[in-house]
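Residues 151 to 318, numbered by this note's numbering, are exactly what the sequence shown covers, in order.
Even glycine gets a Cβ: it sits at the ideal position worked out from N, Cα and C.
Heads up: the structure comes next, in structure tokens.
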Amino acid sequence: MAHSAAVQGALISPVGHAQAVFFLRQLVGWWFFMLGRFKLFDAGTAAIVEEAFVKGYSGGWIPEFALRLGGYFDVYAEFLCGLMLILGFRVRLAVWLLMALLVMVTFGHQVKEATFAMGPRVFPPAMGLVGIALLYTPARDVLSVDALTARLHTRLFGAVAGGPKRPA
């Protein structure tokens, strides 16, 4: 897997790269995790889905089942993917799901209000996800569950197919 241009050109040291990715994962992960935790445990998932999604968009062209599906996806994706980013577990999957979530949320706001501007609730986490997507390489994100399991796999089974070979 190719590294970003900045890493290939050695503009970022391996330690600086790991530090930047760790910081972004923590910042964005905690943002989504705490939002999801609030929706799950404080506000209540069913109440959020009913109020914000079903009632909030009733009378429009989006079918109710799609509104409910979107509402549950919103709550659980924020909570679980936020936790995945914090731990560094399946980071690429978490980033893809959260990016899809932000596209869905932005689309929903645009449907409701055509002049909706991506304000402080959408833009900062979106840019954090873009940063993770650009910088993340499992080999360099040493402070993650993914890196730990990759090292364990290499020790138990040898080098990963297509990856660098370990010296004997």
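For W181, the enclosing alpha helix (DSSP H) starts and ends at P164 to R187. As the crow flies, the alpha-carbon of G209 is around 23 Å from that of V225. For M254, the enclosing alpha helix (DSSP H) stretches over residues V241 to K262.
Here A309 carries a coil assignment [DSSP, helix/strand/coil]. When only Cα atoms are considered, L230 and A300 end up about 21 Å apart. For T195, the uninterrupted alpha helix (DSSP H) segment begins and ends at T195 to I198. Secondary structure at P274: helix, using DSSP grouped into helix, strand and coil. Closest option to P270, judged by alpha-carbon separation, among A264, A197, T256 and A283: T256. Its Cα nearest to that of T195, the residue E228 stands out among E228, F273 and G258.
DSSP places G238 outside both helix and strand once states are collapsed to three, so it counts as coil. Beyond the five residues adjoining it in sequence on each side, M249 comes within less than 7 Å, by CB distance, of L279 in the same chain, given in chain order. A direct Cα-to-Cα measurement between Q169 and K205 gives close to 43 Å.
Contact between the stretch 183 to 201 and the stretch 229 to 243 is present: 3 or more CB-CB pairs across the two stretches fall below 8 Å.
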